[in-house]
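Trainee: Numbering-wise (the working numbering), the sequence shown opens with residue 1363 and increments by one.
Note that the Cβ used here is the ideal one computed from N, Cα and C, for glycine as well.
The structure displayed is predicted, hence computed values, not measured ones.
This is the structure I have questions about; it appears just below.
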Amino acid sequence: MEVRKNKLKSGSWILDLGSWRKKKSFLIGVSSWLLVFCLLAQPVLATTVFVRIEGPTKQIFQGTVNSKNTNIQGVPIAENIAASAIEAAAKKGNFSTDWSSALFLNSIAGINSDPSSYSYWNYRHNYSAEWPKVQGLGVQKIKDGDNLLFFYTNVWPYPQPIILETSKSNVKVGKEFSLTTKFFDDSAQIIKSISTTVKIGNQTLSTDANGNLTTSISETGTHVIYAEGQGFIRSNRVNVLIGQVVSSSQLNQAIGNSIRYLRRRQSKNGRIENPAVSAWAAIAFASANVNPNSVMKRKRIPRKKRRSLMDYLKRYSRKYLNRKWLRKHKKVARPLATDYARQIMAIYAAGHNPRKFAGINHIKEISRFFIKNQFGSKALLNDDIFTIIAYRASRVSSKNYKYRKAIEFVLKNQKNDGGFSYSTNPRSTSDIDTTAAAIQALVIARKSGVKTLDGSIQSAYDYLVSKQNKDGGFPYSSQFTNSSSQSTSWATQAITSWKGAQALDGLTTSSGSNPISYLSQLQQSDGGFGYAINNASTA
């Protein structure tokens, strides 16, 4: 918009009207958008407070609410007035309230005031009931972080409130934690210690004269704890999550049983079921500090005829991953990029050089699958994910063109929810297995020096943990929602690769389960793991 260099007496600029007519329609459009943005930017007034409502025999509500402008009995109530807070709590907790025309609170959740017994609903603001600090609900001002306690009583002076605190909110089975009970002393207007009764499920315990109690809980799950005392308002409720514990000795025993199970599945020629399972088994043995080169059948087999797991994988490479051999055997199924990637990972895990193993340069072979800036099938993403891992296992430079393009292709196919699908079809949905594998590949790429991956990895991680089931395990996808050992194993690897093993403890669900405790339930008597609860072992 052009402006003349003339000023009005007021000091404001005057507009060139010819230019104004030309740009009028444009400015109207821009102004409309600016108006929308300004309206969107206007904050919705709300005051965030903690509301607790204690009925005659039980708690009715406890939680944080956003108090907003409301209307009670035709009277507009601002968001920073206490009456609006209980209306916000009623909406959130789905209970009723009833008010008189003078904004006297007659009823909460169907519990009415009873003048015949002098029983009424009363409240405390930040624990205090002292006037003039505490006034009528229709005029009492509140601010962010305030505490409102509503209680039903016929006692005067008002009963004083108990306050319960715990040292931890997430505790392992059998581990001790501490509780503290205090009360608000109306005469001194301060918080003091008090000995009370503490309710933990069916247990009834007591705090000492200083209000302290140290205890433990032997059952997993979320336990609600509160305190009571004669002549006092019962305390706030505290949820303590008691998680299952898989001790180090139990974990080591489970690993040992798993190793023995895989060994029993091995054939005389060194194979464990098939080439794919054999390669994954080699990686598993190596992760358990068992040398895959030493895994072989020994009983009743002469020393010279014994064949190790890596002997079998070497023969597999010489034939089915060898282009010269494949040219002579045209009826044999052609290997995929994922076959080479899996084999490279197994070779690396066993301490061999993928460029020389069985006389074959596996990196050179997998590189032949690079087509149009991605590996293998353009309809699939898993071949690119595993190739990224395979490339780094072979110490391919992080600046390698094909390596970088594979990373770009994977990132390009990240879904809006943060996850990844095995398929590159835009209509396909994220799944746990592919997302977990992608996280591991991207973490490896990040460690190799590829920058700006943190956001993508974190988004994938957030998607992953959001899909955890209550049993502690992970499902395959939103369509197949039952937990399985396969998806949970993939998820566990991804979680530890990005956040470390300690993050698994933080993934304890309301049932007290985490990924490790879920997997431990699936281990069978033979040492193997079932696919899901009540399934037989699989390799």
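Please determine, among 1719, 1599 and 1758, the residue with the shortest C-alpha to C-alpha distance to residue 1423.
Mentor: In the sequence shown, the residue the question calls residue 1423 occupies position 61. The candidate whose alpha carbon is nearest that of residue 1423 is 1599.
Trainee: Residues in its own chain within less than 7 Å of residue 1536 by CB, not counting five upstream and five downstream?
Mentor: For the purposes of this step, residue 1536 is taken as residue 174 along the sequence shown, with counting starting at 1. Hits under 7 Å: 1578 and 1580.
Trainee: Taking the runs of the alpha helix (DSSP H) that are 4 residues or longer, which of them lie wholly in the stretch 1409–1493?
Mentor: Segments of the alpha helix (DSSP H) lying fully in the stretch 1409–1493: 1444–1455.
Trainee: Rounded to the nearest angstrom, what separates residue 1809 and residue 1747 at their Cα positions?
Mentor: Taking the first residue of the sequence shown as 1, we reach residue 1809 at position 447. Taking the first residue of the sequence shown as 1, we reach residue 1747 at position 385. Looking at the two C-alpha atoms, the distance is approximately 15 Å.
Trainee: If you draw a straight line from the C-alpha of residue 1656 to the C-alpha of residue 1670, how long is it?
Mentor: Locating residue 1656 in the sequence shown gives position 294, where the first residue counts as 1. Locating residue 1670 in the sequence shown gives position 308, where the first residue counts as 1. The alpha-carbon atoms of residue 1656 and residue 1670 are separated by roughly 6 Å.
Trainee: Look up residue 1731 in the DSSP assignment and say whether it is helix, strand or coil.
Mentor: In the sequence shown, counting from the first residue as 1, residue 1731 sits at position 369. Note: residue 1731 maps to coil in three-state DSSP.
Trainee: Evaluate contact between the stretch 1698–1706 and the stretch 1726–1743, counting only Cβ atoms and requiring at least three cross-stretch pairs below 8 Å.
Mentor: Segments in contact, yes.
Trainee: Would the stretch 1524–1531 count as touching the stretch 1541–1557 if we require 3 or more Cβ pairs under 8 Å?
Mentor: Yes, since at least three Cβ pairs between the stretch 1524–1531 and the stretch 1541–1557 fall closer than 8 Å, the two stretches touch.
Trainee: Within 10 angstroms of its Cβ, does residue 1745 collect 16 or more other Cβ (buried), or is it exposed?
Mentor: Looking up residue 1745 in the sequence shown gives position 383. It counts as buried.
Trainee: Name the two residues that bound the continuous beta strand (DSSP E) containing residue 1532.
Mentor: Translated into positions along the sequence shown, residue 1532 becomes position 170. Segment 1532–1534, the beta strand (DSSP E) holding residue 1532.
Trainee: Looking at C-alpha atoms only, which residue of 1766, 1560, 1755 and 1593 is the closest neighbour of residue 1716?
Mentor: On the sequence shown, residue 1716 is found 354 positions in, with the first residue counted as 1. Nearest option by C-alpha distance: 1755.
Trainee: Less than 8 Å between the CB atoms is what I'm expecting for residue 1555 and residue 1532, so what's the real figure, rounded?
Mentor: Within the sequence shown, residue 1555 is the residue found at index 193, counting from 1. Within the sequence shown, residue 1532 is the residue found at index 170, counting from 1. Not confirmed; about 25 Å, so no contact.
Trainee: Using only the alpha-carbon positions, how far apart do residue 1816 and residue 1769 sit?
Mentor: Within the sequence shown, the letter at position 454 stands for residue 1816. Within the sequence shown, the letter at position 407 stands for residue 1769. The alpha-carbon atoms of residue 1816 and residue 1769 are separated by roughly 13 Å.
Trainee: Which residues bound the beta strand (DSSP E) around residue 1525?
Mentor: On the sequence shown, residue 1525 is found 163 positions in, with the first residue counted as 1. Here the beta strand (DSSP E) through residue 1525 covers 1522–1528.
Trainee: Determine the DSSP secondary structure at residue 1694, reduced to helix, strand or coil.
Mentor: Numbered from 1 along the sequence shown, position 332 holds the residue referred to as residue 1694. Residue 1694 falls in the coil class under three-state DSSP.
Trainee: If we ignore side chains and look at the alpha-carbon of each, how far apart do residue 1861 and residue 1800 end up?
Mentor: For the purposes of this step, residue 1861 is taken as the residue at position 499 of the sequence shown. For the purposes of this step, residue 1800 is taken as the residue at position 438 of the sequence shown. Cα-Cα distance, rounded: 15 Å.
Trainee: Return the Cβ separation of residue 1874 and residue 1605 in integer angstroms, given the expectation that the two are a contact with Cβ distance under 8 Å.
Mentor: The sequence position of residue 1874 within the sequence shown is 512, counting from 1. The sequence position of residue 1605 within the sequence shown is 243, counting from 1. Between residue 1605 and residue 1874 the Cβ distance is about 5 Å, and since that is below 8 Å, they are a contact.
Trainee: Unbroken alpha helix (DSSP H) runs of length 4 or more, entirely within the stretch 1650–1700: which are they?
Mentor: Those alpha helix (DSSP H) runs which fall completely within the stretch 1650–1700 and span 4+ residues are 1671–1682 and 1685–1690.
Trainee: Along the chain, which unbroken stretches of the alpha helix (DSSP H) at least 4 residues long are found entirely within the stretch 1791–1869?
Mentor: You should have 1794–1809, 1816–1828 and 1847–1861.
Trainee: Excluding the five sequence neighbours on either side, which residues of its own chain have a C-beta within less than 6 Å of the C-beta of residue 1767, listed in chain order?
Mentor: On the sequence shown, position 405 is the one that residue 1767 refers to. Correct list, in chain order: 1735.
Trainee: Tell me which residue opens and which closes the beta strand (DSSP E) that residue 1590 is part of.
Mentor: For this step, residue 1590 is matched to residue 228 along the sequence shown. Unbroken beta strand (DSSP E) run through residue 1590: 1583–1590.
Trainee: Shortest alpha-carbon distance to residue 1876 belongs to which of 1481, 1582 and 1621?
Mentor: In the sequence shown, residue 1876 corresponds to position 514, counting from 1. The shortest C-alpha separation from residue 1876 is found at 1582.
Trainee: What distance in whole Å lies between the Cβ atoms of residue 1741 and residue 1786, which are believed to be in contact at a cut-off of 8 Å?
Mentor: Looking up residue 1786 in the sequence shown gives position 424. Looking up residue 1741 in the sequence shown gives position 379. So it is a contact: roughly 6 Å between Cβ atoms.
Trainee: Compute the Euclidean distance between the alpha carbons of residue 1836 and residue 1870, then round it to the nearest angstrom.
Mentor: In the sequence shown, residue 1836 corresponds to position 474, counting from 1. In the sequence shown, residue 1870 corresponds to position 508, counting from 1. Distance between the alpha carbons of residue 1836 and residue 1870: 12 Å.
Trainee: What is the DSSP secondary structure of residue 1514, reduced to helix, strand or coil?
Mentor: Mapped onto the sequence shown, residue 1514 falls at position 152. Strand, per DSSP.
Trainee: Would you tell me roughly how many angstroms separate the C-alpha atoms of residue 1386 and residue 1453, rounded to the nearest one?
Mentor: In the sequence shown, counting from the first residue as 1, residue 1386 sits at position 24. In the sequence shown, counting from the first residue as 1, residue 1453 sits at position 91. Since pLDDT at residue 1386 reaches only 38, below the 50 mark, its modelled position is unreliable, and no value is offered.
Trainee: Give me the DSSP bridge partner(s) of residue 1543.
Mentor: Mapped onto the sequence shown, residue 1543 falls at position 181. Answer is 1526.
Trainee: Could you spell out the range, first to last residue, of the beta strand (DSSP E) harbouring residue 1762?
Mentor: Stepping through the sequence shown from its first residue, residue 1762 is reached at position 400. Careful: residue 1762 lies outside any beta strand (DSSP E) and carries neither H nor E.
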